[in-house]
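S.K.: Sharing a structure here in structure tokens format.
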Amino acid sequence: MKNTLIAITQFVDKSTLTVAGVYSLFQDTHIDRSQFSWLGSIFYLGYLCMQPINSYLLQRLPTAQYVGTVLILWGACLACTSLAKNFSQLAALRFLLGFFEAITYPSMFLLISTFYRRSEQVLWFGVMFMSNGLAGILGSVLGYAIGYMPTVGDISPWKWNMIIFGSLTALAGFIFFFFLPDTPYSRWFRLSGEECSIVEERIRDNAVVRTFHINYSHIKEALLEPRLYCYCLISLLVNLQNGALVTFSALIISDLGFSSGNSVLLNIPGGAVSIILVAGLITISRRYNEVIYVAMVACTISMAGVICLAAIPGGGVKLIGLYLSWACNPAYILLQTSISSNVSGYTKKIFYTSCNIVFYTFGNFIGPLMLVQKEAPRYISGLSGYAAANALCIILYGYVRYIYVKENKKRNLDPHSDNIALPDELEDLTDVENKHFMYRT
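The opening residue of the sequence shown carries number 0 in numbering that gives the first Met the number 0; numbering runs sequentially from there.
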């Protein structure tokens with residue numbers, strides 16, 4: 000529940016730009032579509048700049064107070080965006096918004112990895128990202144309603160959008176600061192002695208032992224593993240179109256001839272399709288205990304969607320391609336699920352997640368810039384690039400699975416090792432050090 004609320008908050012907030020784009024943002028701030036693309040991208044420049052700081056603070060500070068404080072700051076930043084008069088001011092505020100929102104995914108990934116067994120994590124990552132679809136629906140409905148609010152002074156609908164969602168985010172920050180459970184032993188759970196023993200067993204199973212000490216040997220080990228670089232490339236490639244969809248979806252719909260209000264409302268099916276795809280593919284993954292093959296299917300659906308967007312000249316049918324393109328969401332969810340399930344050692348897990356987020360940021364930064372103004376409304380070059388990126392993701396996923404299958408076979412042939420945690424102790428071992436650790440494919 001806690002991760003769901005954080006996910007809804009961050010997705011609605013960063014998506015306020017696409018709603019503003021079909022209202023009077025262009026007229027009020029005198030920007031063009033090229034500058035609008037940069038507003039989508041510069042958010043992720045702030046996101047990127049925060050990652051080294053976030054990786055350090057996430058290990059050194061209590062998660063509840065850290066997340067709560069940053070939520071308050073980004074809510075204030077979003078509300079202040081309503082005061083922007085030109086591109087420079089918008090760009091500065093979007094940078095700061097990305098800077099503060101950068102803490103969300105790493106903190107949520109870490110909470111899921113800490114609270115849930117490895118077999119449960121794919122479900123909870125799915126729930127977290129289904130929240131993005133729900134956020135898209137809620138944001139579109141409220142954005143449509145806000146579009147009919149009367150103008151008070153120079154506060155036009157897109158400004159009300161920023162003010163309302165920014166205020167709600169700041170309020171959520173205060174709630175999380177005081178009430179977010181950030182460890183399995185949180186006082187909010189009021190655990191009995193027997194329940195504490197159960198929690199201890201769950202911690203052993205999910206291979207996360209929290210420590211405030213940075214273990215540099217974990218980082219060195221991670222840097223020597225080919226799968227780290229495969230994960231990073233997948234994260235970059237699969238998020239190229241995600242960045243574009245978050246920024247441009249309402250404008251793409253508007254270019255098909257729909258009014259501003261209807262363009263916002265027609266984002267609702269995109270959120271619904273995203274939820275259905277995530278729920279369906281996560282269910283298949285849990286049913287057959289397969290993560291990587293299902294991720295490859297998600298990339299295939301995503302690729303089909305962007306090909307439809309590029310190939311169909313116009314009309315309502317083109318919306319099908321737009322909605323299918325949201326399959327990039329489950330493709331990325333399953334990437335993070337694979338990392339969370341197959342990387343142990345607290346510092347190593349944080350390092351893998353941080354690298355993943357850095358390349359997630361690069362992908363979302365580059366993606367909107369691939370849709371250049373002179374190619375509107377079909378954006379052939381950009382959409383072709385997204386299709387090629389999905390194809391490369393399928394190949395990289397296949398290679399990562401090959402690595403895991405090969406290592407599991409090797410460990411099954413030699414299951415004994417001196418370097419194994421005793422059943423009654425909790426050691427911060429990596430997946431390489433613990434030879435009883437089996438990789439999930």
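Even glycine gets a Cβ: it sits at the ideal position worked out from N, Cα and C.
These figures come from a predicted structure and were not determined experimentally.
State the Cα-Cα distance for the pair Ser33 and Glu289, rounded to the nearest angstrom.
M.R.: In the sequence shown, counting from the first residue as 1, residue 33 sits at position 34. In the sequence shown, counting from the first residue as 1, residue 289 sits at position 290. Looking at the two C-alpha atoms, the distance is approximately 41 Å.
S.K.: Based on DSSP bridge pairs, tell me the residues matched to Ile111.
M.R.: For the purposes of this step, residue 111 is identified with residue 112 of the sequence shown, where counting begins at 1. Paired residues: none, contrary to the question.
S.K.: Output the distance between the C-alpha atoms of Thr68 and Leu77, rounded to the nearest integer angstrom.
M.R.: Your numbering for residue 68 matches position 69 in the sequence shown. Your numbering for residue 77 matches position 78 in the sequence shown. Their backbone Cα atoms lie some 15 Å apart in a straight line.
S.K.: Could you round the C-beta distance between Leu56 and Ile233 to whole angstroms and report it? I think they count as a contact, below 8 Å.
M.R.: By one-based count along the sequence shown, residue 56 stands at place 57. By one-based count along the sequence shown, residue 233 stands at place 234. Their Cβ separation, rounded to whole angstroms, is 26 Å, which puts Leu56 and Ile233 out of contact at 8 Å.
S.K.: Taking 7 Å as the limit between beta carbons, can you name the residues of its chain near Leu16, skipping five residues before and five after?
M.R.: Position 17 of the sequence shown, counted from the start, is the residue given in the question as residue 16. Excluding positions up to five away in sequence, the list reads Leu38, Gly39 and Thr246.
S.K.: According to DSSP, is Ile466 helix, strand or coil?
M.R.: Only positions 0 to 440 of the chain appear in the structure, and residue 466 is not among them; the question remains open.
S.K.: Between Glu432 and Tyr287, what straight-line distance do the alpha-carbon atoms span, to the nearest angstrom?
M.R.: Against the sequence shown, residue 432 aligns to sequence position 433. Against the sequence shown, residue 287 aligns to sequence position 288. Rounded to whole angstroms, Glu432 to Tyr287 spans 28 Å at the Cα level.
S.K.: Could you give the uninterrupted runs of the alpha helix (DSSP H) lying entirely in the stretch 311-375, keeping only those of 4 residues or more?
M.R.: Segments of the alpha helix (DSSP H) lying fully in the stretch 311-375: 317-323, 327-341 and 345-368.
S.K.: Quick check on this structure: which residue in Leu391, Val399, His435 and Leu122 has the alpha carbon closest to the alpha carbon of Arg410?
M.R.: To locate residue 410, count along the sequence shown from 1; it is residue 411. Comparing Cα-Cα distances from Arg410 to each of Leu391, Val399, His435 and Leu122, the minimum goes to His435.
S.K.: On the CB-based measure, 16 or more other CB atoms within 10 Å of its CB, does Pro422 come out buried or exposed?
M.R.: Working through the sequence shown from its first residue, we reach residue 422 at position 423. Because Pro422 sits at a pLDDT of 40, beneath the cut-off of 50, its placement in the model cannot be relied upon, and the point is left open.
S.K.: Which word fits Leu412, buried or exposed, when buried means at least 16 other C-beta atoms lie within 10 angstroms of its C-beta?
M.R.: For the purposes of this step, residue 412 is identified with residue 413 of the sequence shown, where counting begins at 1. The residue is exposed, with fewer than 16 neighbouring Cβ atoms inside 10 Å.
S.K.: Around the C-beta of His217, are 16 or more other C-beta atoms found within 10 angstroms, so that it is buried, or is it exposed?
M.R.: Translated into positions along the sequence shown, residue 217 becomes position 218. With 16 or more other Cβ atoms within 10 Å, it is buried.
S.K.: Note down, in chain order, each residue of its chain lying with its Cβ closer than 8 Å to the Cβ of Ile162, except the 5 sequence neighbours on either side.
M.R.: Locating residue 162 in the sequence shown gives position 163, counting from the first residue. The residues are Ala78, Ser81 and Ile154.
S.K.: Could you round the C-beta distance between Cys298 and Asn389 to whole angstroms and report it? I think they count as a contact, below 8 Å.
M.R.: Within the sequence shown, residue 298 is the residue found at index 299, counting from 1. Within the sequence shown, residue 389 is the residue found at index 390, counting from 1. 5 Å between Cβ atoms; contact.
S.K.: For the alpha helix (DSSP H) containing Leu280, list its first residue and its last residue.
M.R.: The residue labelled residue 280 in the question sits at position 281 within the sequence shown. Ile267 to Tyr287 is the extent of the alpha helix (DSSP H) around Leu280.
S.K.: Apply the 10 Å Cβ neighbour rule to Glu374 and answer buried if 16 or more other Cβ atoms are within range, or exposed otherwise.
M.R.: Along the sequence shown, read from residue 1 onward, the residue named residue 374 stands at position 375. By the neighbour-count rule (16 or more Cβ atoms within 10 Å), Glu374 is not buried but exposed.
S.K.: Count the CB pairs spanning the stretch 339-359 and the stretch 44-60 that are closer than 8 Å, and state whether there are at least three.
M.R.: Yes, the stretch 339-359 touches the stretch 44-60.
S.K.: May I have the straight-line CA-CA distance separating Leu122 from Tyr104, to the nearest angstrom?
M.R.: Residue 122 sits at position 123 when you count from the first residue of the sequence shown. Residue 104 sits at position 105 when you count from the first residue of the sequence shown. Each residue's Cα considered, the two are about 16 Å apart.
S.K.: Residue range of the alpha helix (DSSP H) that His217 falls in?
M.R.: Here the question's residue 217 lines up with position 218 in the sequence shown. Element bounds for His217: Tyr215 to Leu222.
S.K.: Give every residue of the same chain whose Cβ lies closer than 7 Å to the Cβ of Met129, excluding the five residues on either side of it in the sequence, and list them in chain order.
M.R.: The count along the sequence shown starts at 1 and reaches residue 129 at position 130. Result list for Met129: Ile274, Val277 and Ala278, in chain order.
S.K.: Looking only at C-alpha atoms, which of Ile71, Ser248 and Val263 sits nearest to Val305?
M.R.: On the sequence shown, residue 305 is found 306 positions in, with the first residue counted as 1. Among Ile71, Ser248 and Val263, the Cα nearest to that of Val305 belongs to Ser248.
S.K.: What number of angstroms, rounded off, separates the C-alpha of Ser339 from the C-alpha of Gly384?
M.R.: The residue given as residue 339 occupies position 340 in the sequence shown. The residue given as residue 384 occupies position 385 in the sequence shown. About 29 Å.
S.K.: Going by the CB atoms, is the gap between Leu170 and Gly74 shorter than 9 Å?
M.R.: Position 75 of the sequence shown, counted from the start, is the residue given in the question as residue 74. Position 171 of the sequence shown, counted from the start, is the residue given in the question as residue 170. In this structure, Leu170 lies closer than 9 Å to Gly74 by Cβ.
S.K.: Does Thr440 come out as helix, strand or coil in the three-state DSSP assignment?
M.R.: Against the sequence shown, residue 440 aligns to sequence position 441. Coil.
S.K.: Which two residues bound the contiguous alpha helix (DSSP H) that contains Tyr22?
M.R.: As a first step, residue 22 must be located in the sequence shown, where it is residue number 23. Counting along the chain, Tyr22 falls outside any alpha helix (DSSP H), and DSSP gives it neither H nor E.
S.K.: Does the ligand FMN have a heavy atom nearer than 8 Å to the CB of Ser130?
M.R.: The ligand FMN is absent from the structure shown, which contains no ligand whatsoever.
S.K.: By alpha-carbon positions, which one of Val263, Glu100 and Val66 ends up nearest to Tyr147?
M.R.: Translated into positions along the sequence shown, residue 147 becomes position 148. If we check each option's Cα against that of Tyr147, Val263 comes out closest.
S.K.: Measure the beta-carbon distance from Leu255 to Gly313 and round it to whole angstroms, keeping in mind my assumption that it falls under 8 Å.
M.R.: Reading the sequence shown from its first residue, position 256 is the one you call residue 255. Reading the sequence shown from its first residue, position 314 is the one you call residue 313. Right, the Cβ-Cβ distance comes to about 6 Å (below 8 Å), so this counts as a contact.
S.K.: Using the Cα positions of Phe442 and His29, report the straight-line distance between them to the nearest angstrom.
M.R.: Residue 442 is absent from the model: the chain starts at 0 and stops at 440.
S.K.: Exposed or buried, Phe177, counting other C-beta atoms within 10 Å across all chains shown (16 or more means buried)?
M.R.: Numbered from its first residue, the sequence shown carries residue 177 at position 178. The residue is exposed, with fewer than 16 neighbouring Cβ atoms inside 10 Å.
S.K.: Whose C-beta lies closer than 7 Å to the C-beta of Lys84 among residues of the same chain, with five residues either side of it excluded?
M.R.: As a first step, residue 84 must be located in the sequence shown, where it is residue number 85. Same-chain partners within the cutoff: Thr28.
S.K.: Which residue wins for smallest C-alpha separation from Gly344, given the options Thr440, Phe361, Ile213 and Ser380?
M.R.: Counting from 1 along the sequence shown, the entry for residue 344 is found at position 345. Gly344 has its Cα closest to that of Ile213, out of Thr440, Phe361, Ile213 and Ser380.
S.K.: Could you give the distance in angstroms between the alpha-carbon of Ile174 and the alpha-carbon of Val11?
M.R.: As a working note, residue 174 is residue 175 in the sequence shown. As a working note, residue 11 is residue 12 in the sequence shown. Distance between the alpha carbons of Ile174 and Val11: 18 Å.
S.K.: Output the boundary residues of the alpha helix (DSSP H) element that contains Phe257.
M.R.: Taking the sequence shown and counting its residues from 1, the one referred to as residue 257 is at position 258. Per DSSP, Phe257 belongs to no alpha helix (DSSP H) and is neither H nor E.
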